[in-house]
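Okay, structure first, notes after.
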Amino acid sequence: MVGRIPVIDVMPLVDNGRLPAKATVGEPFPVSATVFREGHDLLGAEVVLIDPEGVRRPPVRLHPQPAVDRHSVDRYRAWVTPDRPGAWAFEIHAWSDPIATWQHDAGIKIRAGVDVELMFLEGRLLFERVLAGFGKKRGEASRILRGAIEAAQDTTRPVEARLAQLEAPELTAVLLTHPLRELVTVDGPYPAYADRPRALFSSWYEFFPRSEGAYRDSKTGAVVSGTFATAAKRLEGVAAMGFDVVYLPPIHPIGEVNRKGPNNTLTPGPDDTGSPWAIGSRLGGHDAVHPDLGTLADFDAFVARAASLGLEVALDLALQCAPDHPWVTAHPEWFTTRADGSIAFAENPPKKYQDIYPLNFDNDPEGLAHEVLRVVRHWMAHGVRIFRVDNPHTKPVAFWQWLLAEIRTTDPDVLFLSEAFTKPPMLQTLGAIGFHQSYTYFTWRTAKGEVEDYLREVATESDHRIRPNFFVNTPDILHEFLQYGGPPAFKIRAVLAAMGSPSWGVYSGYELFENVAVRPGSEEYLDSEKYQIRLRDWEAAEAEGRSLAPYLTKLNELRSSHPALQLLRNLVVHPTDDDGIVCFSKTAATADGGTDRVIVVINLDPHATRDTTVHLDLIALGLEPDATFSVRDELTGDDWHWGADNFVRLDPHQEPAHVLTVRVVP
């Protein structure tokens with residue numbers, strides 16, 4: 001039912017308030033609504049946060065926004081910040097504002113000589129009502145109000161002087177802080193859930209444990225698998241690059257039936273390892289580890305070593321089975337049986353995965369769901385608090401909503417990343433029902449217009465539903481931009497991901513510029529690590545200057561030291577005159593009460609030098625329209641003097657980007 005003061009089109013709202021909007025501890029998020037009323041009297045509006053204990057926090061004033069189109073007329077907005085994890089809510093309080101109405105009318109009438117003393121009388125009565133609300137308190141606000149009351153009734157002073165005192169900024173500030181509310185309407189509450197900061201801000205590094213520490217036997221020529229113990233030695237290098245999440249593809253026994261050979265061939269040799277996503281064999285299923293990697297105790301030691309280096313371990317949750325997974329025999333009803341009696345294997349035409357059986361959640365949904373819950377809790381008990389979920393869009397959304405709610409009830413710190421490269425409705429809905437982070441379409445956004453549009457989308461349009469994680473590459477995705485752009489392309493995509501999103505990810509080999517596809521037009525790696533162990537010499541690459549690791553390290557250092565880069569909703573795109581250069585900025589409050597401002601300018605063309613003029617929206621940066629200031633390029637150490645319009649030239653073979661920090665000189 002519409003209130004006395006109508007409040008409509010409230011945001012953030014997910015599924016009409018049936019699902020909570022995304023929020024994060026310490027991250028400001030915008031609350032907005034269209035608020036209006038009949039007639040010409042003015043109104044006020046506030047947002048009130050309700051914390052997980054049900055306590056209403058002090059109200060925050062909603063401010064009218066500029067009307068740029070018909071959808072933004074009478075639009076009000078404020079930013080609020082949850083300070084603890086849990087289930088929050090917010091209300092919109094709207095009211096008739098007699099003081100704002102009087103201020104508007106008095107400014108017109110008194111200057112026009114109409115009802116002068118009547119307007120002063122009405123003002124005095126309003127100020128007295130505000131003062132009465134102070135009770136016995138005495139202070140600066142009380143003094144200002146008493147002075148206004150005297151001015152309103154002092155007919156010996158010039159009218160202009162009396163009005164000037166009643167329009168003074170200090171009085172206006174007091175009246176905004178202590179408004180009179182009439183005809184109050186409360187709309188809501190509407191839910192929002194605040195997760196721990198890692199849900200928003202994280203730097204992921206993906207590697208296959210079997211490749212780390214692997215070697216070729218000098219006598220037999222066979223490749224010997226790495227183990228959890230040898231993979232643990234790689235953790236120091238990952239931590240040194242500034243990553244805080246190490247993500248492992250499936251670590252379980254790999255099926256022997258229909259095992260794939262190198263490059264997804266159907267003719268494996270006796271020593272071929274198969275795909276880790278073909279989970280399960282006579283050696284166990286989703287709750288077991290591959291014996292080549294070690295034991296559960298070895299995995300526990302790996303997790304403990306990661307924690308000692310400040311790394312969280314993310315484990316792949318891939319709900320699919322090899323033909324010889326124990327579930328196939330014990331629970332054939334969990335799979336799809338075809339007309340000829342065979343079990344259907346996975347397909348994503350034209351790709352076929354003969355080594356994988358998809359799960360069918362329709363035959364025994366309760367039994368299968370509780371088995372998955374058992375598996376998840378098993379790995380939680382072994383120190384895993386983050387799961388990367390493989391292809392969640394191929395399972396029922398209702399199942400995920402149930403599973404994530406079950407985990408959140410007992411362990412709200414456990415996070416889930418959705419790997420759903422699928423249609424927007426599914427991607428967005430998976431985020432809405434509880435996934436904490438989402439893979440995105442970032443990989444395929446390479447041209448200026450689509451990059452700018454996508455940055456705006458994830459920061460301001462879908463932010464209440466999903467938190468993006470910008471992975472620059474994955475074992476499945478080697479975009480042609482990286483195949484043909486050379487080392488500059490790897491830098492460009494790394495800067496864009498690391499600066500554009502508070503969460504980003506790198507699959508190992510990126511720092512070695514691995515860029516060869518299995519065939520022209522394919523996004524699959526040649527000799528994909530999905531099907532075989534890959535031998536890499538990290539130390540030699542760094543010693544010979546063939547590694548991007550120092551660059552990735554610098555990007556992560558900047559992310560850690562700048563609060564602005566740890567937020568999502570603060571991104572603003574700025575225009576440039578060249579169709580190959582994109583510019584955006586991020587701002588945030590600092591702990592000492594200052595402002596952190598970062599401006600990023602990137603040449604998206606990995607082949608040619610580009611130059612342009614960057615046109616900054618200084619208001620969006622929290623600066624005066626005619627401000628000038630100094631900037632430091634954190635990638636090169638260069639300093640410049642900037643203003644609203646600035647010339648930029650970027651050679652991708654030298655440095656394709658500026659990451660500028662702003663220093664305002666008083």
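Taking full-length UniProt numbering, the leading residue of the sequence shown gets 1, the next gets one more, and so forth. No residue lacks a Cβ here, since even glycine has one placed at the ideal position from N, Cα and C. Treat the numbers as computed from the prediction; the structure is a model and nothing was measured.
7 Å Cβ shell around residue i - same chain, five flanking residues per side excluded
i    : result
D633 : H658, V659 and L660
R234 : F207 and E212
S561 : none
M380 : D411 and V414
A369 : F399, W402 and L403
L145 : F127, V130, L131 and V174
CA nearest to the CA of residue i, picked from the options
i    : options                   : result
T553 : E539, L635, L571 and L568 : L635
G123 : D115, G135, R138 and I149 : I149
P250 : K351, A194, M119 and P209 : P209
H378 : H393, R111, A288 and E206 : A288
G213 : G221, S225, S202 and Y205 : S225
G284 : A330, N646, T185 and P326 : P326
R162 : G643, I619, G147 and I5   : G147
L118 : D105, V48 and V518        : D105
V451 : D617, H574 and G545       : H574
N348 : P625, T628 and D476       : D476
W504 : V174, K137 and R559       : R559
N363 : I386, G643, K352 and T336 : T336
T590 : I386, T628 and A564       : A564
E53  : A87, V375 and R338        : A87
Residue i and residue j closer than 8 Å at C-beta
i           : j    : result
T587        : T595 : yes
P98         : H464 : no
P323        : I492 : no
E46         : R57  : no
R196        : P82  : no
L200        : R467 : yes
D316        : D390 : yes
Y247        : R388 : yes
Y510        : F490 : yes
L121        : W102 : no
W402        : P392 : no
I110        : V116 : yes
S203        : G139 : no
residue 667 : A89  : Nothing in the structure corresponds to residue 667, since the chain is present only between 1 and 666.
R408        : G434 : yes
A541        : S585 : no
E333        : L373 : no
A459        : L568 : yes
F513        : L535 : no
V664        : L616 : no
A301        : A232 : yes
Own chain, CB closer than 8 Å to residue i, minus 5 neighbours either side, in chain order
i    : result
V601 : T576, I581, V582, C583, V614, V648, L650, A657, H658 and L660
D639 : S630, V631, R632 and D633
R456 : L571 and V573
Counted within 10 angstroms of its Cβ, other Cβ atoms place residue i as buried (16 or more) or exposed
i    : result
S32  : buried
P291 : exposed
Q654 : exposed
P606 : buried
Y484 : exposed
K395 : buried
S342 : exposed
Y215 : exposed
H252 : buried
V184 : exposed
N556 : buried
D217 : exposed
V2   : exposed
Beta carbon proximity, residue i to chain C, threshold 8 Å
i    : result
L266 : Absence of chain C from the displayed structure is noted, only one protein chain being present.
Other residues of its chain near residue i: CB distance less than 6 Å, five sequence neighbours each side excluded
i    : result
T34  : I8, D9, D74 and R75
A432 : V14, L19 and R465
D187 : V7 and I92
S501 : P468 and F470
R37  : I5 and L43
V238 : Y205 and V246
Cβ pair count under 8 Å reaching 3, the region 349-357 against the region 301-313: Verdict: no, contact absent.
Between the region 314-328 and the region 278-285, do at least 3 Cβ pairs fall closer than 8 Å? yes
Pairs of beta-carbons, one from the region 13-33 and one from the region 182-195, closer than 8 Å: are there three or more? Output reads yes: the region 182-195 touches the region 13-33.
Using a Cβ distance threshold of 8 Å, determine whether the region 507-527 contacts the region 476-490, with at least three qualifying pairs required. yes
Assess, as a yes-or-no matter, whether the region 294-307 is touched by the region 255-266 under the definition of 3 or more beta carbon pairs within less than 8 Å. no
Could you tell me whether the region 160-175 touches the region 523-537, where touching means 3 or more Cβ pairs closer than 8 Å? no
Three-pair Cβ contact test at 8 Å for the region 406-426 versus the region 439-457: yes
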